[in-house]
Amino acid sequence: MAIIVGQGDFKYRIVEDWAQLPDGWSFKEVGAVGVDKNDNVYVFNRGDHPVMVFDREGNFLRSWGEGQYPRAHGIHMRPDDSIYLTDDGGHFVRKCALDGKVLLELGVPGKPAPYMSGEPFHRCTHTALSPKGEIYVSDGYGNARVHKYSPDGKLLMSWGEPGTDPGQFNIVHNICTDADGWVYVADRENHRVQVFDGNGKYETQWNNLHRPCGLYMDYTRHPVAYIGELGPVMPVNRNSPNLGPRVSIVDHQGKLLSRIGEPHAGTTATAFLGPHGLAVDSRGDLYVGEVSWTQWPQFYPDKPRPDYIRSLQKYERVR
Amino acid sequence: MATIVGQGDYKYEIIENWAKLPDGWSFKEVAAVGVDRNDNVYCFTRGEHPVIVFDRDGNFLRSWGEGQYPRAHGVHMGPDDSIYLTDDGGHFVRKCRLEDGKVLLEIGVPGKPAPYLSGEPFNRCTHTALSPKGEIYVSDGYGNARVHKFSPDGKLLMSWGEPGSDRGQFNLVHNICADADGWVYVADRENHRVQVFDGNGKYETQWNNLHRPCGLYMEYTRRPVCYIGELSVNRLNANLGPRVSIVDNQGELLSRIGDPFAGTAPTSFIGPHGLAVDSRGDLYVAEVCWTLWPGLFPDQPRPDNLRTIQKYQRVH
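Line by line, the protein sequences give chains W and V. Quick note on this note's numbering: the first sequence kicks off at 111 and runs consecutively. Quick note on this note's numbering: the second sequence kicks off at 13 and runs consecutively.
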């Protein structure tokens, strides 16, 4: 029996056990996922094989990056056959060819800038590209900044500081752009997405979200946004429903179009633990990478983590 | 040297050590505070003397409620020389007489919570407000995601809200206020916002750019400003509270008190949880500092006499 989730124009059939990993391999957990122009899927994970590549049917194609990525966090892909990987544990961004060859590196691996200095990077989280190919980096856990680089990696400007006012950040967790040059920032612990122009001028914000964490938008005009939201983990609200973990799809004004997930965190096919990285292929099929190992003890402090928990699932668009 | 805090039209001189407690008494911590029409100040505490009353100069007047209030949470002052006390540990609201605490009305059954998230009153209710007709709104709270509306004599009229982050949903309904036009303002703490409803629970708007808004105080006028106590989560990141923000009736920031990080200096806060303003515009801020100390300062033992109430005298 097919399981259909979502509402309205954004309904999906869950494809369980999609990824066919080589025997004995594990994602551990998935920080992020991306799709290339051939609909091959790049899974940036925290296991022994940091980048694993699959075709759209889930057949394993190759892996790369072994030993080179301390803690997978963000992926951005563009149709020029490059992949931008952001590693928050290593404090760097790398632009790679699709076979993993490093084409550009920002930041110094293993050398963070001082905490909250505003200088790049301290646990950077994600990247996006402007219409001119300039590189935005969200930064991150140890800074409250967005940096803008020239396509060849020269720092052009930075904006943001800690706080809750417009233009301030409380964990800058993911970043996207659209074809008009608007910049969308998942301001996770402020429970909002902030929208800026290409030079960091605040434009608006989207609310009614819970810890928005993963952000994906197609590079078009007025794209919808796919938002992975983390769940409640404070002692006062850990058992409260309707706060995630979940995936929300919103229109270009931030209005909710569809939502996937159960009222509470869980391990069933229709529930989530930590939807952290999202990508959509040419057919509209959605991939959700989850940091399920990290999230498990926050929801279930008294239960040992099972040996296997799902950290990636495919949602095939139903039209 | 006077210490002045705040900005614009809302500047205050800090009055240190305002409350003169009887020898050997302690607030432990003050959850909420109210001011009567004579500018006497009612501190609803978690110590041995749940309600301690002072004059505006901090002279002790009396106490009451000993043994009757398991866990102080919210104060609202009625227009008829009454005080509404909300006890989240006891799951009840009491309307009391000011001079001696005589209970005039009780809502909820002390010690008997409704089932968790059942939507029925109460599971750790938090605060009250009054409509222009004297109907009683109760925010509820930690173990529900509801606002209940009662008739002035305590009959349940309606309830609204459910858990979640959409409009009209709540993620820890922590405080509630009403204004003279009948608008209802709800501190939706873990959704980091204040939601505004009409008197029957119809969503009107929300205020954002807040961090865990916890304490709310508004004068009972038309389009009053709002005093908001905001909590932090740790001392790692600046500008996330604990602090007091004063916003206009559209939620626009007018003034803000507090240092970038939590602390014990007169200019900083630990947990600004209950607020009240007297006839002169002077502000009282009560803090749940005993409760929040271990989370903010995990490596430091709690000092014996943490500040838990402070007066801020308006500078005109």
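Here a beta-carbon is modelled for each residue, glycine too, at the ideal position from N, C-alpha and C. Here the structure is a predicted model, which means the values were calculated and not measured.
Check your understanding: Per DSSP, V:V273 forms a beta bridge with which residues?
Key -> By 1-based counting over the second sequence, the position of residue 273 of chain V is 261. Checking the sequence shown, residue 273 of chain V turns out to be Phe, not Val. Beta-bridge pairing links V:F273 to no other residue.
Review point. To the nearest angstrom, how far is it from the Cα of V:H186 to the Cα of V:L97?
Key: Taking the first residue of the second sequence as position 1, residue 186 of chain V is located at position 174. Taking the first residue of the second sequence as position 1, residue 97 of chain V is located at position 85. The straight-line gap from Cα to Cα measures roughly 14 Å.
Point to revise | Segment limits, beta strand (DSSP E) that includes V:F209 | key: As a first step, residue 209 of chain V must be located in the second sequence, where it is residue number 197. Taken as a continuous stretch (DSSP letters only), the beta strand (DSSP E) holding V:F209 covers R205 to F209.
Point to revise | Beta-carbon neighbours of V:H204, restricted to chain W and to distances below 7 Å | key: Here residue 204 of chain V refers to the residue found at position 192 of the second sequence. Identification of chain W residues near V:H204 by a Cβ-Cβ cut-off of 7 Å yields N300 and H301, ordered along the chain.
Check your understanding: Alpha carbon to alpha carbon, how far is V:N50 from V:R74?
Key -> As a position in the second sequence, residue 50 of chain V is number 38, starting the count at 1. As a position in the second sequence, residue 74 of chain V is number 62, starting the count at 1. Distance from the CA of V:N50 to the CA of V:R74, rounded to the nearest whole angstrom, comes to 15 Å.
Review point. For chain W, is any of its Cβ atoms less than 7 Å away from the one on V:A250?
Key: Sequence index remark: in the second sequence, residue 250 of chain V carries index 238 (1-based). Output row for V:A250: interface = yes.
Review point. To the nearest angstrom, how far is it from the Cα of W:I281 to the Cα of V:N71?
Key: As a position in the first sequence, residue 281 of chain W is number 171, starting the count at 1. As a position in the second sequence, residue 71 of chain V is number 59, starting the count at 1. For W:I281 and V:N71, the distance between alpha carbons rounds to 45 Å.
Review point. Going by the beta-carbon positions, is the gap between W:L206 and W:I193 smaller than 7 Å?
Key: The count along the first sequence starts at 1 and reaches residue 206 of chain W at position 96. The count along the first sequence starts at 1 and reaches residue 193 of chain W at position 83. Contrary to the premise, residue 206 of chain W reads as Cys rather than Leu in this sequence. Cβ distance < 7 Å, so W:C206 and W:I193 count as in contact.
Review point. Are the CB atoms of W:R172 and W:D197 nearer to each other than 7 Å?
Key: Taking the first residue of the first sequence as position 1, residue 172 of chain W is located at position 62. Taking the first residue of the first sequence as position 1, residue 197 of chain W is located at position 87. It is not a contact, given that the beta carbons lie outside the stated cut-off.
Practice item. For W:E299, count neighbouring C-beta atoms within 10 Å of its own C-beta (all shown protein chains included) and say buried if the count is 16 or more, exposed if not. Key: In the first sequence, the residue the question calls residue 299 of chain W occupies position 189. Buried, since its Cβ has 16 or more Cβ neighbours within 10 Å.
Check your understanding: Listed from N- to C-terminal order along the chain, which residues in the stretch 167-182 of chain V have their beta-carbon within a distance smaller than 8 Å of any beta-carbon of chain W?
Key -> E174, P175, G176, S177, D178, R179 and Q181
Exercise for review: Consider the Cβ of V:L184: report whether some Cβ of chain W lies at a distance smaller than 7 Å.
Suggested key: The count along the second sequence starts at 1 and reaches residue 184 of chain V at position 172. Cβ-Cβ to chain W under 7 Å: yes for V:L184.
Exercise for review: Tell me whether W:G277 counts as near the ligand HEM, meaning its Cβ is closer than 6 Å to at least one heavy atom of that ligand.
Suggested key: The ligand HEM is not part of the structure shown, which contains no ligands of any sort.
Check your understanding: Hey, is W:T78's beta-carbon within less than 7 Å of any beta-carbon in chain V?
Key -> The structure shown does not extend to residue 78 of chain W, since chain W is modelled only from 111 to 429, so the question has no answer here.
Practice item. Would you list the one or two residues that DSSP bridges to W:M327? Key: Indexing the first sequence from 1 puts residue 327 of chain W at position 217. Paired residue(s): W:A335.
**Study point:** Touch test, the stretch 348-359 of chain W against the stretch 144-164 of chain W, Cβ-Cβ under 8 Å, three pairs minimum
**Key:** no
Check your understanding: When DSSP labels each residue in this structure, what does W:P407 get in the three-state scheme?
Key -> For this step, residue 407 of chain W is matched to residue 297 along the first sequence. In this structure, W:P407 counts as helix in the three-state DSSP scheme.
Point to revise | Which residues DSSP lists as bridging W:M111, in chain order | key: If you number the first sequence from 1, residue 111 of chain W lands on position 1. In DSSP, W:M111 forms no bridge with anything.
Check your understanding: From V:G77 to V:V115, what distance separates their C-alpha atoms?
Key -> In the second sequence, the residue the question calls residue 77 of chain V occupies position 65. In the second sequence, the residue the question calls residue 115 of chain V occupies position 103. Rounded to the nearest angstrom, the two C-alpha atoms are 10 Å apart.
Review point. For a contact meaning CB atoms closer than 8 Å, what does V:H85 contact in chain W?
Key: Taking the first residue of the second sequence as 1, we reach residue 85 of chain V at position 73. Within chain W, no C-beta atom comes less than 8 Å from the C-beta of V:H85; the nearest is roughly 13 Å away.
Point to revise | Interfacial residues, the stretch 340-362 of chain W to chain V, with Cβ spacing under 9 Å | key: P342, M344, V346, N347, N349, S350, P351, N352, L353 and G354
**Study point:** Three or more C-beta pairs below 8 Å linking the stretch 55-66 of chain V and the stretch 252-272 of chain V
**Key:** The stretch 55-66 of chain V is not in contact with the stretch 252-272 of chain V.
**Study point:** Residue(s) in a DSSP beta bridge with W:V163
**Key:** The residue you call residue 163 of chain W lines up with position 53 of the first sequence. W:V163 pairs with W:Y152 and W:R172.
Check your understanding: Does V:N156 get closer than 7 Å to chain W when you measure Cβ to Cβ?
Key -> Taking the first residue of the second sequence as position 1, residue 156 of chain V is located at position 144. Not closer than 7 Å to any Cβ of chain W, the Cβ of V:N156 fails to qualify, so no.
**Study point:** V:N187 - DSSP class collapsed to helix/strand/coil
**Key:** What you label residue 187 of chain V is simply residue 175 of the second sequence in a count that begins at 1. Three-state result, V:N187: strand.
Practice item. Determine whether the Cβ of W:W404 lies closer than 7 Å to any Cβ atom of chain V. Key: Within the first sequence, the letter at position 294 stands for residue 404 of chain W. Going by the sequence as given, residue 404 of chain W is Thr instead of Trp. It does not; no Cβ of chain V falls within 7 Å.
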